[in-house]
Structure formats: C-alpha cells, structure tokens
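Numbering (the numbering used here), first residue to last: 20 to 364. C-beta: ideal position from N, C-alpha, C; glycine also. Small disclaimer: the values here were computed from a predicted structure and weren't measured.
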Amino acid sequence: MDHKSENIFYELIARRDFVDWVKHPSGERNYFWQKWIKEHPDDQESFLKAREFVERLQVKQHHLDGAELDSMLDKVIAADGPPSVRATFSKAQGFFGQWLKVAAILVLCLMLALISGEVLMETEVISPQEITWKSAENPRGRKSKINLPDGTIVHLNYESKLVFPEQFAASRRIVQLDGEAFFEVAHDARRPFIVQTEGMETQVLGTSFNVKAPKYSDGTEVSLVTGKVRVKLDNLKEQLLAPGEQITYHAQSGVFSRRNFNIAQVTAWKEGVIIFTDTDFEAFIDKLSKWYGVDFQVYGSTPKNWKVNGRYENEKLEDILTGMQFMYDVKFQIDGKNVTLKFDP
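Encoded structure:
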C-alpha cells in the first residue's frame with residue numbers, strides 16, 4: 020500500500036463505528052458505510068482491506084481496572100505506530116469516557132499486533148499488504164465472463180462491477196457486487212462463498228444463482244438456480260432459498276419478499292437473450308439503451324397502447340427496431356451510439 024492508502028487503512032480500523040459495523044452490521048450502519056465508500060471511490064481498496072482485516076482478526080480480551088487501562092493507553096499512544104493513528108488516539112484520551120477507552124485500547128491492540136506481526140487469525144496469518152484486490156467493471160452495452168481464482172465463473176452484466184481478491188483467504192471467499200451477475204460457484208465445503216451487496220449477504224458452498232443489485236437502487240434480488248444459499252438481510256432473520264426461489268430486499272425500508280421465479284427469464288441475459296413481457300415504451304427504451312450502450316432521441320407522441328412481447332437472441336439493434344416498424348408507426352435512424360425514433364403525429 021502507498022502512504023495514503025496505509026493511512027486510510029489505519030484510520031478505518033481505529034474507528035469504533037467502523038469496527039462495530041463490521042462485527043454487527045445493521046440497516047442504518049450499512050447505509051452510512053455504503054454512502055462513505057461511494058463518496059470515497061479512490062479509497063475502496065483500503066476500505067476492503069480494513070474490513071477483511073477486522074472480520075478475520077481474533078483478539079484475546081482481558082479484564083483490566085482503570086489504572087491498568089490508563090497505563091496501557093499511555094504505552095500504546097507512545098508506541099511506534101502510524102503518526103495519524105497516534106494523533107487520533109492522543110486526542111481521544113482527553114475526552115473519551117471509560118467505556119470508550121476500553122474499545123479504543125482493543126482497537127489499538129489490533130494495530131500494534133499488525134505492526135509487530137503478532138496477529139491471531141482463524142486459520143492463517145495475513146496482513147493487509149498481502150490482500151490484493153481486483154475489480155472488473157462493465158459500462159452500458161458490455162457483458163463479460165470472469166474466472167475467479169477458486170474456479171468460480173461469474174457472468175457480469177452491463178453497468179455492473181465486481182470486486183474480488185487476487186487470492187481468496189483460507190476460511191472464506193468474499194466478493195462485492197454492484198449491479199447484476201450470475202455465479203457458478205466452485206464447490207469448497209471448507210470455504211463458503213459470500214457475495215456482498217447493499218444490505219444483503221448471500222452465502223453458498225457450491226451452487227449457481229443470479230444476484231441483481233442495480234446502481235441507484237436499494238433493491239437487491241437473489242434468484243437461486245441450483246443448490247442452496249443462505250441470505251442475510253441486515254438484522255432480519257436469515258433466509259434459506261431452494262432452487263427456483265427468489266428473494267427481493269429493500270435496504271432502506273427493510274421490506275423483503277420471496278417468491279418462485281422463471282429461471283429462463285431471469286438468467287437469459289447471460290446467454291445474450293433479451294426477453295420482453297408486456298413491456299411499456301419507457302422500459303423498452305431503457306433496456307435497449309443499456310443492452311446496446313446507445314442513447315435514444317424520441318420525437319412525436321408514443322402510442323399509449325405500446326406493449327412489447329418477444330425474445331431476441333444475439334439480435335442486432337437494427338433488426339429489433341425494424342420489427343417494431345411492423346407493429347407501430349415509427350421510423351428510426353442509427354448513427355453510431357445515437358438512435359433517433361420518430362413517431363408520426
């Protein structure tokens with residue numbers, strides 16, 4: 020890590036609210052830290068490393084009286100750690116209460132353990148420098164397939180981003196998704212595979228499923244095709260899905276629902292298939308815009324009875340719009356990434 024990234028990492032693991040959130044995520048805490056990462060996109064790698072570090076670290080706790088706590092705090096502040104961290108906790112000493120001091124010392128012990136290399140892990144010793152995070156991101160009009168280091172295959176849809184480590188840890192396989200992806204998870208009974216999205220965590224051992232967490236929306240949808248998954252919804256009860264079941268969760272309202280779904284319709288996108296079912300004009304244009312990466316200009320009044328039904332497999336945009344001409348009185352022109360639609364008055 021460079022100097023700036025190192026400072027961000029230490030500042031995060033030194034924050035009690037960050038540590039509390041990692042250990043006990045909730046709707047309000049999730050919203051705060053999801054907003055934080057969106058406002059600090061350049062610090063995403065440090066954020067993920069800090070989260071991974073806190074999640075996997077185990078610390079032996081001891082009962083100390085007030086004098087022992089004060090003595091330990093003085094020694095820790097004087098230790099040879101990152102300057103920004105020493106300054107942070109020097110200020111904290113002046114106004115934090117006794118109960119916060121205990122939390123501060125625990126966090127500082129984590130940092131000292133990291134600096135000295137005396138870190139207790141579940142199954143292995145790992146430092147943040149050893150976690151190299153990678154990302155794959157698709158703009159409008161692009162879909163891709165990603166082979167993860169454990170053999171898992173991820174089909175990433177347009178306007179989607181996947182963040183994953185270069186090598187998975189020995190105890191868990193964690194990835195983060197913003198957008199939509201279909202996962203074919205390599206079976207590993209010792210290491211659960213976890214997909215983190217806004218307000219939701221989907222955990223499996225080996226299965227195939229679709230996760231849809233669109234940008235600018237707090238709704239997340241998990242659709243199970245094969246195997247079983249365990250879905251954690253903030254502070255709500257965990258949900259176990261069977262093949263053919265789908266769960267939708269809205270983080271802001273805390274409302275979720277589960278239902279059966281049409282597997283072919285939900286997963287068709289990864290095979291290059293667009294399916295329209297009684298689709299109105301706005302949804303039709305929005306889908307084509309994202310699928311083909313184009314911008315539409317519309318002139319005239321669109322038909323009020325516009326409903327499109329159809330299945331298009333690896334079709335050219337021109338062919339789809341040509342078909343629309345037989346159904347509606349519309350003319351189109353494609354000029355690179357710009358598409359013009361004209362409806363007669």
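Since residue i is in the beta strand (DSSP E), which residue starts that stretch and which ends it?
i, result
"Arg249", "Val248 to Leu252"
"Thr359", "Asn357 to Phe362"
"Glu240", "Gly238 to Thr245"
"Phe212", "Phe212 to Thr216"
"Thr267", "Glu264 to His269"
"Ala232", "Ser227 to Ala232"
"Thr286", "Unbroken run through Thr286 is the alpha helix (DSSP H), Ile282 to Thr286; no beta strand (DSSP E)."
"Ala16", "No answer is possible for residue 16: it lies beyond the span of the chain, which begins at 20 and ends at 364."
"Glu14", "Here the chain has residues from 20 to 364 only, and residue 14 is not among them."
"Tyr318", "Asp314 to Tyr318"
"Gln352", "Val349 to Asp354"
"Asp274", "Here residue 274 turns out to be Val, not Asp, going by the sequence shown. Val274 to Asn279 is the extent of the beta strand (DSSP E) around Val274."
"Arg191", "Neither: Arg191 is in no beta strand (DSSP E) and is coded neither H nor E."
"Glu185", "Element bounds for Glu185: n/a, residue is neither H nor E."
"Glu257", "Premise fails: Glu257 is in no beta strand (DSSP E) and is neither H nor E."
"Gly329", "Val327 to Glu332"
"Val223", "Met219 to Val223"
"Asn166", "Ser163 to Asn166"
For residue i versus residue j, is the C-beta spacing smaller than 7 angstroms?
i, j, result
"Gly291", "Asn328", "no"
"Trp198", "Ser179", "In the sequence on display, residue 198 carries Gly and not Trp. A contact, by the Cβ cut-off of 7 angstroms."
"Ile193", "Ile165", "no"
"Gln195", "Pro211", "no"
"Glu58", "Trp152", "no"
"Glu156", "Gln53", "no"
"Leu175", "Ala200", "yes"
"Tyr347", "Ile339", "no"
If you drop the 5 nearest sequence neighbours on each side, which residues of the same chain put their C-beta closer than 7 angstroms to that of residue i?
i, result
"Phe315", "Ile304, Ser308, Val358 and Leu360"
"Ser242", "Phe228, Asn229, Gln265, Phe280 and Val285"
"Ser163", "Ala155, Asn157 and Leu175"
"Asp297", "Lys326 and Asn328"
"Gly319", "Lys361, Phe362, Asp363 and Pro364"
"Thr321", "Phe300 and Phe362"
"Lys356", "Gly312, Val313 and Asp314"
Within 10 Å of its beta-carbon, does residue i have 16 or more other beta-carbons around it, so buried, or fewer, so exposed?
i, result
"Asp354", "exposed"
"Ala188", "buried"
"Ala363", "First, the amino acid is wrong: residue 363 is Asp here, not Ala. Counting Cβ neighbours within 10 Å, Asp363 comes out exposed, since fewer than 16 surround it."
"Met219", "buried"
"Val173", "buried"
"Asn279", "exposed"
"Gln215", "buried"
"Phe345", "exposed"
"Ala270", "buried"
"Tyr177", "buried"
"Glu71", "buried"
"Thr245", "exposed"
"Ala33", "buried"
"Pro102", "With a pLDDT of only 47 at Pro102, under 50, the local geometry of the prediction cannot be trusted, and the value read off the model is given with reservation. Label assigned to Pro102: exposed."
"Glu87", "Because Glu87 carries a pLDDT of 47, less than 50, the predicted location of this residue cannot be relied on, and no value is offered for it."
"Ala232", "buried"
"Asp62", "buried"
"Val250", "buried"
"Phe275", "buried"
"Phe108", "Because the pLDDT at Phe108 is just 46, under 50, the model does not fix this residue reliably, and the value given afterwards should be weighed accordingly. Classification for Phe108: buried."
List the endpoints of the continuous alpha helix (DSSP H) containing residue i.
i, result
"Gly342", "Leu336 to Gln344"
"Lys309", "Phe300 to Tyr311"
"Val41", "Arg35 to Lys42"
State yes or no: is the C-beta of residue i nearer than 6 angstroms to some heavy atom of the ligand GDP?
i, result
"Glu332", "In the structure shown, the ligand GDP is absent, as is every other ligand, since no ligand is present at all."
Excluding the five sequence neighbours on either side, which residues of its own chain have a C-beta within less than 8 angstroms of the C-beta of residue i, listed in chain order?
i, result
"Glu248", "It should be noted that the sequence gives Val, not Glu, for residue 248. Correct list, in chain order: Thr221, Gln222, Val223, Thr226, Phe228, Val241, Leu259 and Leu260."
"Lys306", "Ile293, Phe295 and Thr298"
"Gly342", "Gly329"
"Asn49", "Trp40, Glu217, Gly218, Asp253 and Ala270"
Can you find the residues in the same chain that come closer than 6 angstroms, C-beta to C-beta, to residue i, ignoring five residues on each side of it along the sequence?
i, result
"Tyr311", "Gly160 and Leu336"
"Glu185", "Thr151 and Lys153"
"Leu31", "Phe37 and Ala69"
"Phe51", "none"
"Glu257", "Arg249 and Lys251"
"Gly170", "Ala205"
"Phe351", "Leu340 and Leu360"
"Gly263", "Asn279"
Please confirm if residue i has its CB atom under 7 angstroms from at least one CB of chain D.
i, result
"Thr267", "Although the question refers to chain D, the structure presented lacks it and comprises just one protein chain."
Notebook entry, point to check: How about the stretch 33-43 and the stretch 203-210: do they share at least three Cβ pairs that are nearer than 8 angstroms?
Noted result: No, they do not touch.
Notebook entry, point to check: At a cut of 8 angstroms, does the stretch 272-285 reach the stretch 319-328 through at least three beta carbon pairs?
Noted result: Taking a cut-off of 8 angstroms for Cβ pairs, the stretch 272-285 and the stretch 319-328 do not touch, as fewer than three such pairs fall below it.
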